[in-house]
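Trainee: Residue numbers (UniProt numbering): 1 to 400.
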């Protein structure tokens, strides 16, 4: 097959969806398929690059202006650059795709490539990553309007087959976009186990006890439950340090830490290269950042690494995967600082349980979320969709 992978986010940019898109593109190429990646320009990354057996084209992009809001994001858009629509059409015409795999339901590259794919009649997969939600009533209203007025109509025209990563995403997409069994499937988040197995762990100064909270700070993952749990944690374990690793787009947690008098217990590292992530996990006693409802890529990678990890999802969050609280995962209710404090104190008080939990968490990720296994499921889905679709470009019956 000739597969186009599309995501405005792509390495060297760090982030869960960027690394997932790159990992799946590499697996598609390793399986013998021709792969083209379309993404937005980022920093000094080359406009055209060959990596891991596939080609990456980074299109000129403009950054979303900083508005001085607490939800300012580092977003880049390609549709506003003159000539980009023509560039995209030319690239896709030359590549003659059999299928498209889009990442991100509200990215303009997904929309542009998706409209092209619908026009020529090839199968389109869409992986939904970030959900447009917020606890802030004003932002929540804005996000709901954007979803209803802009995102949903575009997706209706593209008519993709949705890949849903967990129950939270499935419920969200059913409410917002009308997804159901006929146009969606649950597939696990792919975790690159080989990357962590071969990672070189750099020795770091270890604060003791140490909590690492890894991932960009956004309203959906605002760190407030952890910060509000800190007074209780420090009362029992006064030397505890929290290291926040990731770009801070939403800084309410720091203001709250000042109010609670716990700011000195927090270290903010900012974004770090992906190859440094395993070292941060190795230096931690506990990892937690998905405390507003979720258990995403960073949490699963922490579980894989062998560090006890706390998350806030329901036990049935991953269809087909049995999450057993206290055995192969440690779950707390969303936005519950008291529960976070109890979970952290329990882990710090009982190193033997902490180590056993970490071992079982790692085994869970290897069994159900390993990249090679999940990528094969993606490819089987693409091949099934291709076999039932006549491509106006090349005919999808051809397989490598």
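The C-beta atom is built at its ideal place from N, Cα and C for all residues, glycine as well.
Since the structure is predicted, the reported quantities are computational estimates derived from the model, not experimental observations.
Where does residue 352 fall in DSSP's three states?
Mentor: As a position in the chain shown, residue 352 is number 352, starting the count at 1. Residue state, collapsed to three classes: helix.
Trainee: Taking the alpha carbon of residue 404 as the reference point, which residue from 101, 164 and 250 has its own alpha carbon closest?
Mentor: What the structure shows of the chain is the stretch from 1 to 400, and residue 404 is not part of that stretch, so it cannot be assessed.
Trainee: Under three-state DSSP, which class holds residue 171?
Mentor: Residue numbering aside, residue 171 sits at position 171 when the chain shown is read from its first letter. Residue 171 falls in the helix class under three-state DSSP.
Trainee: If the criterion is Cβ atoms closer than 9 Å, does the pair residue 273 and residue 12 meet it?
Mentor: As a first step, residue 273 must be located in the chain shown, where it is residue number 273. As a first step, residue 12 must be located in the chain shown, where it is residue number 12. Yes.
Trainee: Can residue 41 and residue 59 be called in contact, C-beta distance under 9 Å?
Mentor: Along the chain shown, read from residue 1 onward, the residue named residue 41 stands at position 41. Along the chain shown, read from residue 1 onward, the residue named residue 59 stands at position 59. Yes. Within cutoff.
Trainee: Near residue 5, what residues of its chain come up, given a Cβ to Cβ distance below 7 Å and the 5 sequence neighbours on each side ignored?
Mentor: Residue mapping note: residue 5 aligns to position 5 of the chain shown, counting from 1. Correct list, in chain order: 21, 24, 25, 35, 37 and 101.
Trainee: Give, in chain order, every unbroken run of the alpha helix (DSSP H) that is at least 4 residues long and sits entirely within the UniProt domain "Glycosyl transferase family 1" (204-358).
Mentor: Runs of the alpha helix (DSSP H) inside the UniProt domain "Glycosyl transferase family 1" (204-358): 224-236, 252-260, 277-282, 297-305 and 337-349.
Trainee: Please report how far the alpha carbon of residue 64 lies from the alpha carbon of residue 136, in whole angstroms.
Mentor: Counting from 1 along the chain shown, the entry for residue 64 is found at position 64. Counting from 1 along the chain shown, the entry for residue 136 is found at position 136. Roughly 21 Å separates the two Cα atoms.
Trainee: Rounded to whole angstroms, how far is the Cβ of residue 151 from the Cβ of residue 106, which I believe are closer than 8 Å?
Mentor: Along the chain shown, read from residue 1 onward, the residue named residue 151 stands at position 151. Along the chain shown, read from residue 1 onward, the residue named residue 106 stands at position 106. Residue 151 to residue 106, Cβ: 5 Å. Contact.
Trainee: What are the boundary residues of the beta strand (DSSP E) that includes residue 162?
Mentor: Taking the chain shown and counting its residues from 1, one reaches residue 162 at position 162. That run of the beta strand (DSSP E) goes 161-164.
Trainee: Any idea if residue 141 is buried or exposed, counting beta-carbon neighbours within 10 angstroms, 16 or more meaning buried?
Mentor: Locating residue 141 in the chain shown gives position 141, where the first residue counts as 1. Residue 141 comes out exposed.
Trainee: In the segment 111-168, which residue ranges form an unbroken alpha helix (DSSP H) of at least 4 residues, counting only runs that do not cross its ends?
Mentor: Fully enclosed alpha helix (DSSP H) runs of 4 or longer: 137-146 and 152-158.
Trainee: To the nearest angstrom, how far is it from the Cα of residue 480 to the Cα of residue 1?
Mentor: Because residue 480 is not part of the residues shown, which for the chain are 1 to 400, the question remains open.
Trainee: Let me check one thing: in DSSP terms, what residues is residue 49 bridge-paired to?
Mentor: Numbered from its first residue, the chain shown carries residue 49 at position 49. Answer by DSSP bridge pairing, in chain order: 56.
Trainee: Using DSSP bridges, identify the partner residues of residue 102.
Mentor: The count along the chain shown starts at 1 and reaches residue 102 at position 102. Note: residue 102 sits in a beta bridge opposite 6 and 126.
Trainee: Going by beta carbon distance, what residues of the same chain come within less than 6 Å of residue 160, once the five residues before and after it are set aside?
Mentor: Here residue 160 corresponds to residue number 160 of the chain shown, with the count starting at 1. The residues are 124 and 126.
Trainee: For residue 154, which residues from the same chain have a beta carbon less than 6 Å from its beta carbon, with the 5 sequence-adjacent residues on both sides left out?
Mentor: The residue given as residue 154 occupies position 154 in the chain shown. Correct list, in chain order: 111.
Trainee: Tell me whether residue 275 is buried or exposed, calling it buried when 16 or more other Cβ atoms sit within 10 Å of its Cβ.
Mentor: In the chain shown, residue 275 corresponds to position 275, counting from 1. Residue 275 should be labelled exposed.
Trainee: Which partner residues does residue 77 have in the DSSP bridge list?
Mentor: Taking the chain shown and counting its residues from 1, the one referred to as residue 77 is at position 77. For residue 77, which the question treats as bridged, DSSP gives the partners 62.
Trainee: What is the DSSP secondary structure of residue 185, counted as helix, strand or coil?
Mentor: What you label residue 185 is simply residue 185 of the chain shown in a count that begins at 1. If DSSP states are grouped into helix, strand and coil, residue 185 belongs with the strands.
Trainee: In the DSSP output, what is residue 370 paired with across the bridge?
Mentor: By 1-based counting over the chain shown, the position of residue 370 is 370. In DSSP, residue 370 forms a bridge with 191.
Trainee: Cβ atoms of residue 121 and residue 158: under 9 Å apart, would you say?
Mentor: Reading the chain shown from its first residue, position 158 is the one you call residue 158. Reading the chain shown from its first residue, position 121 is the one you call residue 121. No.
Trainee: Given 8 Å as the limit, is there contact between the segment 364-378 and the segment 189-201, that is, 3 or more CB pairs closer than that?
Mentor: A contact exists between the segment 364-378 and the segment 189-201.
Trainee: Are the Cβ atoms of residue 244 and residue 291 separated by less than 9 Å?
Mentor: To locate residue 244, count along the chain shown from 1; it is residue 244. To locate residue 291, count along the chain shown from 1; it is residue 291. Their beta carbons are not under 9 Å apart, which means residue 244 does not touch residue 291 by this criterion.
Trainee: Strictly by DSSP, which residues pair up with residue 365?
Mentor: As a working mapping, residue 365 is identified with position 365 in the chain shown. Partner(s): none; residue 365 has no beta bridge.
Trainee: Are residue 248 and residue 262 close, meaning C-beta to C-beta below 9 Å?
Mentor: Translated into the one-based positions of the chain shown, residue 248 becomes position 248. Translated into the one-based positions of the chain shown, residue 262 becomes position 262. No. Outside cutoff.
Trainee: Determine the DSSP secondary structure at residue 40, reduced to helix, strand or coil.
Mentor: Locating residue 40 in the chain shown gives position 40, counting from the first residue. Looking at residue 40 - three-state DSSP - the assignment turns out to be strand.
Trainee: Helix, strand or coil: how does DSSP classify residue 392 here?
Mentor: As a working note, residue 392 is residue 392 in the chain shown. In this predicted model, residue 392 has a pLDDT of only 39, less than 50, meaning its place in the structure is not dependable enough to derive any value.
Trainee: I'd like the list of long-range same chain contacts for residue 202, defined as Cβ closer than 8 Å, with 5 residues on each side in sequence excluded.
Mentor: As a first step, residue 202 is located in the chain shown; it is residue number 202 there, counting from the start. Answer for residue 202: 276 and 279, listed in chain order.
Trainee: Which residue comes first and which comes last in the alpha helix (DSSP H) that contains residue 88?
Mentor: The count along the chain shown starts at 1 and reaches residue 88 at position 88. Start and end: 84-95.
Trainee: Using C-beta distances below 7 Å, list every residue in its chain close to residue 395, excluding the 5 sequence neighbours before and after it, in chain order.
Mentor: As a first step, residue 395 is located in the chain shown; it is residue number 395 there, counting from the start. Summary for residue 395: the model assigns pLDDT 47, below 50, so the residue's position carries little reliability; its value from the coordinates is reported in the next sentence. Closer than 7 Å at the Cβ level, and outside the excluded window around residue 395, lies no residue.
Trainee: Quick test of your reading: residue 377 and residue 328, contact by CB under 8 Å. State the CB separation rounded to the nearest angstrom.
Mentor: Against the chain shown, residue 377 aligns to sequence position 377. Against the chain shown, residue 328 aligns to sequence position 328. Wrong, their Cβ atoms sit about 21 Å apart, outside the cutoff.
Trainee: In whole angstroms, give me the CA-to-CA distance for residue 104 and residue 128.
Mentor: Here residue 104 corresponds to residue number 104 of the chain shown, with the count starting at 1. Here residue 128 corresponds to residue number 128 of the chain shown, with the count starting at 1. Residue 104 and residue 128: Cα-Cα distance of roughly 5 Å.
Trainee: Have a look at the DSSP bridge pairing and note the partners of residue 34.
Mentor: Position 34 of the chain shown, counted from the first residue, corresponds to residue 34. According to DSSP, which records beta bridges pairwise, residue 34 is partnered with 2.
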